[in-house]
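Number of protein chains: 4
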Amino acid sequence: MVQLGANRYGKAEVRVVHVDRGAAVDGGDVITDRNVSSSLSGDVAGCYLTGDNTNVLATDTQKNTVYAFSKKLGHVEPERLGLALAEHFVATQGPITRARVAIEQYGWTRIEAQPNSFHRSGDYVRTTTVIHDETAGISVVSGLRDLTVLNTTNSEFHGFPRDEYTTLAETKDRMLATSVEASWRYRSVDVDWADAFAEAKAALLSTFAETYSYSLQQTLYAIGTRIIESIPDICEVRLAMPNKHHFLVDLDPFGLTNDSEVYYAADRPYGLIEGTVLADDAGPEGLAWN
Amino acid sequence: MVQLGANRYGKAEVRVVHVDRGAAVDGGDVITDRNVSSSLSGDVAGCYLTGDNTNVLATDTQKNTVYAFSKKLGHVEPERLGLALAEHFVATQGPITRARVAIEQYGWTRIEAQPNSFHRSGDYVRTTTVIHDETAGISVVSGLRDLTVLNTTNSEFHGFPRDEYTTLAETKDRMLATSVEASWRYRSVDVDWADAFAEAKAALLSTFAETYSYSLQQTLYAIGTRIIESIPDICEVRLAMPNKHHFLVDLDPFGLTNDSEVYYAADRPYGLIEGTVLADDAGPEGLAWN
Amino acid sequence: MVQLGANRYGKAEVRVVHVDRGAAVDGGDVITDRNVSSSLSGDVAGCYLTGDNTNVLATDTQKNTVYAFSKKLGHVEPERLGLALAEHFVATQGPITRARVAIEQYGWTRIEAQPNSFHRSGDYVRTTTVIHDETAGISVVSGLRDLTVLNTTNSEFHGFPRDEYTTLAETKDRMLATSVEASWRYRSVDVDWADAFAEAKAALLSTFAETYSYSLQQTLYAIGTRIIESIPDICEVRLAMPNKHHFLVDLDPFGLTNDSEVYYAADRPYGLIEGTVLADDAGPEGLAWN
Amino acid sequence: MVQLGANRYGKAEVRVVHVDRGAAVDGGDVITDRNVSSSLSGDVAGCYLTGDNTNVLATDTQKNTVYAFSKKLGHVEPERLGLALAEHFVATQGPITRARVAIEQYGWTRIEAQPNSFHRSGDYVRTTTVIHDETAGISVVSGLRDLTVLNTTNSEFHGFPRDEYTTLAETKDRMLATSVEASWRYRSVDVDWADAFAEAKAALLSTFAETYSYSLQQTLYAIGTRIIESIPDICEVRLAMPNKHHFLVDLDPFGLTNDSEVYYAADRPYGLIEGTVLADDAGPEGLAWN
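Here it is as structure tokens:
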């Protein structure tokens with residue numbers, strides 16, 4: 447005999463763009479470009495077992511709700527939209543006891559001196575995931591992904607164990623590059639979301655640059671530590687950092703010397719470092735990372 | 447003050463192709479095309495805190511180990527390669543207490559009547575993830591992804607609640623399509639991996655086809671149930687099934703009738719159904735899904 | 447002063463799926479899954495110069511036309527849909543003197559014994575491009591892309607020149623793999639499209655397998671030759687074949703011998719061979735490749 | 447009988463990163479991140495016909511040459527690297543009569559106040575293609591791709607013809623967004639490449655913003671015109687501009703008014719406008735666009 451285990455359903459990737467006309471300080475427009483995914487859980491076993499949709503708010507309705515709330519809330523921070531949507535689903539749908547709203551936000555920059563014109567800024571994608579659970583409460587995890595950073599020096603790698611499959615040479619100077627995916631858990635929902643994001647991103651960038659690194663793990667830990675120490679509202683940081691290897695090209699066969707000048711950027715395989723940094727007084731994570 | 451939380455590091459996406467020459471029944475070659483990712487955990491905090499790599503088996507060494515084991519084991523099922531690699535890392539590296547090996551395997555088909563020639567079969571990607579933990583033991587989760595299936599009929603969707611944001615019409619006949627990502631947990635490591643995979647895939651396809659569906663959730667549950675009932679070695683199935691919406695095109699403005707003939711395939715947004723089916727006597731999942 | 451040069455505009459990537467219910471020999475359904483892109487040229491300079499849309503059939507209308515013709519024509523070969531659409535645009539829009547219709551068609555396979563159920567077959571994408579020009583006439587170029595093939599042996603590469611930047615060793619045995627993009631030009635529009643496609647694909651696969659290769663160029667030429675010789679309706683073949691390098695892994699450091707067994711599949715860079723094979727009596731290409 | 451037609455072969459996507467240490471005005475590093483593809487043509491028929499590689503400079507050698515020239519030339523503009531490489535291949539390989547070098551260049555920005563640290567700037571990719579032909583001479587076509595721009599207003603679309611398949615409503619105000627792919631042909635190789643690129647990009651952005659648009663075609667032509675008028679070294683501009691549709695969401699069913707605030711960003715299908723703007727005195731294009 448079998449039973450239904452953990453489950454959720456929803457509408458993924460609702461691409462909604464909001465224009466707040468004339469809302470900029472100089473009278474220009476403000477645009478907000480988001481990709482919103484919602485998923486719901488609760489008393490919906492009937493749907494799985496017999497196709498009874500009585501308790502299943504349609505994913506199409508979830509999509510409509512994203513549009514309606516985008517209109518109502520305007521150009522707020524993504525965390526506020528996520529909180530409002532998640533609260534709405536749980537509050538208005540009796541059988542729904544948990545809502546998860548994940549938002550990606552894409553950057554746009556005003557074209558110089560133009561009130562209505564923008565170009566996309568592709569340096570990173572801002573993210574947030576709100577979980578609202580009737581029992582476990584509300585959590586907010588925000589972050590960013592696809593922020594690619596590179597240090598041309600100040601990175602070593604040596605002292606690692608050598609077994610029968612080890613061929614890697616030790617190095618006292620290498621290029622270090624990674625594409626950061628960072629998520630940080632907030633202690634509460636009473637946060638200045640814009641400030642917290644800006645400070646976390648700044649801490650991430652400056653720490654990556656300032657850390658003399660003996661391993662990418664060390665850099666990861668330094669970044670997580672700095673974010674927690676800089677933003678009291680954050681109690682936990684999770685980082686996934688692929689080591690985007692840049693290998694020195696051997697120019698000797700061509701009678702040339704490579705004084706740490708010419709590298710090739712490898713695609714695969716790549717190192718992948720994943721780690722968590724926690725404040726000592728971080729509360730329980732609950733469902734935050736679900 | 448902060449502390450290090452959960453972490454792992456490894457080499458991702460080692461693309462290794464193995465040829466077993468003349469190993470086919472008819473004397474042709476057998477090729478095995480894999481993408482192997484390993485990650486290790488254990489007593490490696492020193493690396494994060496101070497850049498001390500004493501206990502850190504280099505990701506480059508992990509890559510080499512994948513190559514060496516591919517030679518030693520040949521064209522075994524991916525589960526066996528994963529089990530051997532994970533066991534090796536934990537057994538030979540004192541500080542490493544847990545290894546995770548995730549493998550994707552790509553299909554190739556012999557070109558007719560040719561012993562050495564193949565074309566890629568892109569219908570799905572076979573997957574497996576082995577976790578070997580000194581304390582929690584060994585787990586194997588296998589499955590597939592990117593298996594896209596479609597029913598032209600036998601799907602309804604109605605009876606769902608209507609709130610102020612609901613505009614969706616009920617339907618007694620729709621096209622149902624999804625791209626299945628399925629993972630199943632085995633009860634042990636003493637399994638005929640090839641048979642189990644073949645049977646699980648067959649169960650998935652036939653159940654998708656045979657289920658008269660009142661919701662994609664119902665189809666998901668039916669698939670999970672059938673897999674567990676068909677393969678005694680499997681105790682849990684997790685499925686993620688995006689609803690790849692196909693909408694009937696309104697041909698009325700052109701004086702044409704659309705008798706469920708012409709659909710447009712939408713990209714985004716899409717419904718996303720995620721669910722778990724468990725055998726009643728499934729053992730604890732432990733770290734299997736980490 | 448400036449002037450308008452070559453231009454075209456249209457609707458790209460109309461994803462249309464057609465179901466012909468009960469049309470299979472055994473009473474099952476037949477589905478046709480296409481991605482249709484149309485583009486038009488003609489007396490449309492006013493639109494570019496002053497925004498005068500008088501002669502500009504809206505791209506939205508082009509999309510609707512694709513849907514309507516998909517209904518009217520049903521599950522014909524893609525060449526026939528392309529021909530009908532291209533003819534329609536030129537015939538009905540006075541200012542439009544040229545139409546280009548490009549179609550990608552995706553494969554689906556019936557799930558065994560199921561009349562209404564299918565799984566996607568991802569081995570390759572079938573393509574066709576029809577150009578209908580009031581002056582230059584009608585051309586059809588068909589083909590396929592993303593057909594990945596591999597020979598485990600019967601490939602050498604040596605005898606190439608060595609300059610100051612050459613480090614590559616000669617080889618008498620290597621693995622040869624490529625992802626074929628092939629396009630063939632038909633002599634007329636009076637062709638059995640299904641047969642021609644099937645024969646061209648079969649010729650491609652068997653020639654790739656049967657050619658003992660001293661360079662990927664040689665394999666390319668052999669494929670093009672065979673297609674032209676096998677299908678009298680085809681007068682020209684263009685092929686783009688990336689050399690998907692598979693390098694032997696050096697296992698010596700691990701005390702293992704690699705008897706052409708273990709390879710790693712590289713991503714970038716890759717060789718890229720592009721070539722044309724023409725029948726001696728091929729007519730002028732006209733606009734076929736535009 | 448068949449014959450060999452147009453052909454070329456080479457190494458694609460050599461990912462090379464160059465560091466010029468301390469070369470910035472403030473003593474920081476300068477990095478140059480490129481993806482270089484070369485392809486050669488000439489007296490290489492023997493390779494296609496019989497696998498005779500005597501005249502075939504190996505693609506591996508081409509890759510090495512890219513690395514060596516990256517070292518020798520340092521952080522020059524991509525056009526200079528392309529010119530040097532293309533000239534080299536034709537000048538040193540007797541049988542090679544034509545070389546094509548295509549370069550993509552990715553942007554990096556110094557992390558504030560850090561001499562050795564960078565983050566990737568993903569707003570667009572800079573491109574250049576150099577063709578060096580023994581007979582036809584040398585051409586340079588440069589440009590960019592993936593520059594996504596958006597106007598929140600100042601765009602109308604009406605006055606288009608209405609046939610039996612037309613359902614689109616006319617509009618006096620819409621959002622206009624596109625992802626620009628632009629290529630411009632230079633009159634000579636004696637150009638200040640950095641200045642020309644900067645001015646062309648600036649002209650593109652400002653013209654997109656300043657053009658009150660009755661069709662995307664009009665915007666395209668205005669951009670091409672402005673680039674040619676602004677940079678005397680440029681004689682031709684080719685643009686491909688997908689119409690990234692943003693549709694107003696109908697909020698009426700929810701009792702809300704959508705005052706041009708909430709849009710959904712559609713993926714497919716999309717309009718695609720492709721056009722050329724030429725200076726009246728542009729010289730013959732020769733092989734520039736091959």
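Chains as they are written, first to last, in the working numbering: chain F, 447 to 736; chain U, 447 to 736; chain C, 447 to 736; chain S, 447 to 736.
We treat Cβ as the ideally placed atom computed from N, Cα and C, and that holds for glycine.
These numbers were taken from a predicted model, which means no experiment stands behind them.
What in chain S is Cβ-close to F:Glu707, meaning under 9 Å?
His464, Val465, Asp466, Arg467, Ser516, Lys517 and Gly520
Can you name, in chain order, every residue of its own chain whose Cβ lies under 8 Å from the Cβ of U:Gly721, other than the five neighbours on each side?
Gln663, Leu666, Tyr667, Gly670, Arg684 and Leu685
Identify every residue that forms a DSSP beta bridge with C:Arg737.
Look at the range of chain C in this structure, 447 to 736, and you will see that residue 737 of chain C is not part of it.
Whole runs of the beta strand (DSSP E) within the region 558-599 of chain C, excluding any shorter than 3 residues
563-579 and 583-597
Relative to the C-alpha of F:Gly732, which residue among F:Leu694, F:Val723, F:Asp696 and F:Ile584 is closest?
F:Ile584
Please list the terminal residues of the continuous beta strand (DSSP E) segment that includes U:Arg631.
Leu622 to Tyr632
Check whether the Cβ atoms of F:Gly605 and U:Asn453 lie closer than 8 Å to each other.
no
Range covered by the alpha helix (DSSP H) that runs through C:Phe693
Careful: C:Phe693 lies outside any alpha helix (DSSP H), inside the beta strand (DSSP E) at His692 to Leu694.
Own chain partners of U:Ala545 with C-beta closer than 6 Å, once the 5 adjacent residues on each side are dropped:
Leu486, Ala532, Phe535, Val536 and His578
Per DSSP, what kind of secondary structure is F:Asn499 in: helix, strand or coil?
coil
Could you name the residues of the region 689-720 of chain C whose beta carbon sits closer than 7 Å to any beta carbon of chain U, in the order they occur along the chain?
His692, Val695, Leu697, Phe700, Leu702, Asn704, Ser706, Glu707, Val708, Tyr709, Tyr710 and Ala711
Under the three-state reduction of DSSP, which class applies to S:Leu666: helix, strand or coil?
helix
Residues of chain S with CB closer than 7 Å to the CB of C:Phe564, please, in chain order.
The contacting residues do not exist; C:Phe564 stays about 21 Å from chain S at best.
Which value, in whole angstroms, describes the spacing of the CA atoms of C:Phe700 and F:Tyr611?
6 Å
Check this for me: beta carbons of C:Ser629 and C:Val587, under 8 Å apart or not?
yes
Between F:Val482 and chain S, is the shortest Cβ-Cβ distance under 8 Å, so that the two count as touching?
no
Closer than 8 Å, CB to CB, is C:Pro607 near chain S or not?
yes
Three-way DSSP call (helix, strand, coil) for S:Lys618 in this model:
coil
Which residues share a DSSP beta bridge with C:Phe535?
DSSP, once it has assigned bridges, lists no residue as partnering C:Phe535.
Can you find a CB in chain F that lies within less than 8 Å of the CB of S:Phe654?
yes
Using a beta-carbon distance below 8 Å, is U:Trp554 in contact with chain C?
yes
Taking 8 Å as the threshold (C-beta atoms), are U:Lys690 and U:Tyr709 in contact?
no
Going straight from the alpha carbon of U:Leu503 to that of C:Val476, what length do you get?
54 Å
Of all the beta strand (DSSP E) runs that stay within the bounds of the region 706-734 of chain C, which reach a length of 3 or more residues?
708-711 and 716-725
When you compare the region 546-557 of chain C with the region 513-532 of chain C, are there three or more beta-carbon pairs, one atom per stretch, that lie closer than 8 Å?
yes
Does chain U have any CB closer than 8 Å to the CB of C:Ile673?
no
Expressed to the nearest angstrom, what Euclidean distance is found between the alpha-carbon atoms of C:Cys493 and S:Ser661?
7 Å
Neighbourhood of C:Val512 by C-beta distance below 8 Å, restricted to the same chain and skipping five residues each side
Lys457, Val460, Val462, Val482, Ser484 and Leu531
Closer than 7 Å by C-beta to U:Val490: which residues in its own chain qualify, once you throw out the five before and the five after it? Chain order, please.
Asn501, Val502 and Pro541
Mark U:Asp636 as exposed unless 16 or more other C-beta atoms lie within 10 angstroms of its C-beta, in which case mark it buried.
exposed
Looking at chain F, which residues of the region 597-623 of chain C have a Cβ within less than 7 Å of any of its Cβ atoms?
Glu610, Tyr611 and Thr613
Inspect the beta-carbon positions of S:Phe464 and S:Gly520 and report whether they are closer than 8 Å.
Correcting the residue identity first, residue 464 of chain S is His in this sequence and not Phe. Against a cut-off of 8 Å, the Cβ pair of S:Gly520 and S:His464 comes out as a contact.
Near S:Ile673, what residues of its chain come up, given a Cβ to Cβ distance below 7 Å and the 5 sequence neighbours on each side ignored?
Trp630, Ala646, Ala649, Leu650, Ile680 and Val683
Rounding to the nearest angstrom, what Cα-Cα distance links S:Ser659 and S:Pro688 in this structure?
15 Å
Any beta carbon of chain C sitting closer than 8 Å to that of U:Asp569?
yes
Tell me, please, whether the CB atom of F:Glu533 is closer than 8 Å to any CB atom in chain U?
no
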